[in-house]
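Novice: Submitted below is the structure of interest, expressed as structure tokens.
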Amino acid sequence: MIPAIITRATMDAIIAQAEREFPFECCGFIIGKAIGADSAEEIRPITNIQNRKHADDPVSFPRDARTAFLMEPIEHLAVMNEIDRRKLALRVVYHSHPDHDAYFSATDRAAACSFDPSEPDYPGTAYVVMSIRSGKFVRAAAFVWDAANKDFAETKLDIV
Numbered sequence: 008m009i010p011a012i013i014t015r016a017t018m019d020a021i022i023a024q025a026e027r028e029f030p031f032e033c034c035g036f037i038i039g040k041a042i043g044a045d046s047a048e049e050i051r052p053i054t055n056i057q058n059r060k061h062a063d064d065p066v067s068f069p070r071d072a073r074t075a076f077l078m079e080p081i082e083h084l085a086v087m088n089e090i091d092r093r094k095l096a097l098r099v100v101y102h103s104h105p106d107h108d109a110y111f112s113a114t115d116r117a118a119a120c121s122f123d124p125s126e127p128d129y130p131g132t133a134y135v136v137m138s139i140r141s142g143k144f145v146r147a148a149a150f151v152w153d154a155a156n157k158d159f160a161e162t163k164l165d166i167v
């Protein structure tokens with residue numbers, strides 16, 4: 008399985024975001040050239056609107072941002088448009104798990120395969136989950152699509 012590769016500066020920045028947004032989940036994207044072309048990468052934090060959706064409609068959105076994230080759709084679309092316009096790649100989708108382990112939950116999988124449960128929405132993209140306990144980073148784990156098993160599997164997270 009191919010490892011997920013992130014620069015130290017990028018990892019430090021997304022950890023800082025996760026600690027700053029604690030006790031709520033943070034989320035965002037890492038974009039850049041395809042790995043191997045030019046390793047420059049850029050972070051695109053996205054607003055987590057889960058608390059707002061939960062407050063507006065707790066029946067449809069029973070979880071708040073302490074245990075869920077929902078990317079602000081306009082910001083999400085803006086990043087996708089930027090990727091297309093600049094001919095970049097979506098390298099990583101990231102989010103945090105406040106006071107929980109760094110694992111790929113059933114909810115994470117459902118969100119990553121929102122159009123078809125047997126295929127990821129963003130093929131070739133790694134998903135990084137950060138465990139933040141009591142406001143401090145504990146561990147990050149990376150997950151990629153395993154086509155043979157039709158599921159996400161943990162892979163090595165290389166910080167370079």
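Under our numbering, the first residue of the sequence shown is numbered 8, with each subsequent residue one higher. Cβ atoms here follow ideal geometry from the backbone N, Cα and C, with glycine treated the same way. Computed from a prediction, not measured in an experiment: that's the story for all the values here.
In whole angstroms, what separates the C-alpha of Gly142 from that of Tyr134?
Specialist: In the sequence shown, the residue the question calls residue 142 occupies position 135. In the sequence shown, the residue the question calls residue 134 occupies position 127. Distance between the alpha carbons of Gly142 and Tyr134: 21 Å.
Novice: Flag this pair as touching only if the region 156-165 and the region 110-117 have three or more C-beta atom pairs under 8 Å; answer yes or no.
Specialist: Counting Cβ pairs under 8 Å, three or more are found: they touch.
Novice: Label Asp153 either buried or exposed according to how many other C-beta atoms from any shown protein chain fall within 10 Å of its C-beta, with 16 as the threshold for buried.
Specialist: Locating residue 153 in the sequence shown gives position 146, where the first residue counts as 1. With fewer than 16 Cβ atoms within 10 Å of its Cβ, Asp153 is classed as exposed.
Novice: Quick check on the DSSP output: the alpha helix (DSSP H) that includes Val86 runs from which residue to which?
Specialist: Here residue 86 refers to the residue found at position 79 when the sequence shown is read from its first residue. Where Val86 is concerned, the enclosing alpha helix (DSSP H) stretches over 80-93.
Novice: What is the C-beta distance between Arg98 and Ile38, in whole angstroms, given that I count them as a contact (C-beta under 8 Å)?
Specialist: In the sequence shown, residue 98 corresponds to position 91, counting from 1. In the sequence shown, residue 38 corresponds to position 31, counting from 1. With 8 Å as the limit, Arg98 and Ile38 qualify as a contact, their Cβ atoms being about 6 Å apart.
Novice: What separation, rounded to the nearest whole angstrom, lies between the Cα atoms of Asp106 and Pro69?
Specialist: Looking up residue 106 in the sequence shown gives position 99. Looking up residue 69 in the sequence shown gives position 62. Distance between the alpha carbons of Asp106 and Pro69 is about 19 Å.
Novice: So Lys143 is in the beta strand (DSSP E); what residue range does that whole segment cover?
Specialist: As a position in the sequence shown, residue 143 is number 136, starting the count at 1. Per DSSP, Lys143 belongs to the beta strand (DSSP E) from 143-153.
Novice: At 4 residues or longer, and completely inside the region 12-71: list those alpha helix (DSSP H) runs for me, N to C.
Specialist: The qualifying runs are 15-28, 57-63.
Novice: Given 8 Å as the limit, is there contact between the region 115-123 and the region 50-64, that is, 3 or more CB pairs closer than that?
Specialist: These segments do not touch.
Novice: Whose C-beta lies closer than 7 Å to the C-beta of Lys94 among residues of the same chain, with five residues either side of it excluded?
Specialist: Along the sequence shown, one-based indexing puts residue 94 at 87. Around Lys94: no qualifying Cβ.
Novice: Tell me the DSSP bridge mates of Tyr134?
Specialist: Within the sequence shown, numbered from 1, the residue matching residue 134 stands at position 127. DSSP, once it has assigned bridges, lists Val100, Phe150 as partnering Tyr134.
Novice: Per DSSP, which one or two residues make a beta bridge with Arg140?
Specialist: For the purposes of this step, residue 140 is taken as the residue at position 133 of the sequence shown. Lys143, per the DSSP bridge assignment.
Novice: Does the distance from the C-beta atom of Ile56 to that of Leu84 stay below 8 Å?
Specialist: Numbered from 1 along the sequence shown, position 49 holds the residue referred to as residue 56. Numbered from 1 along the sequence shown, position 77 holds the residue referred to as residue 84. Not closer than 8 Å, so no.
Novice: To the nearest angstrom, report how far apart Thr146 and Met137 are at their CA atoms.
Specialist: Position 139 of the sequence shown holds residue 146. Position 130 of the sequence shown holds residue 137. The sequence given here places Arg at residue 146; Thr does not occur at that position. Taking the straight line from one Cα to the other gives about 6 Å.
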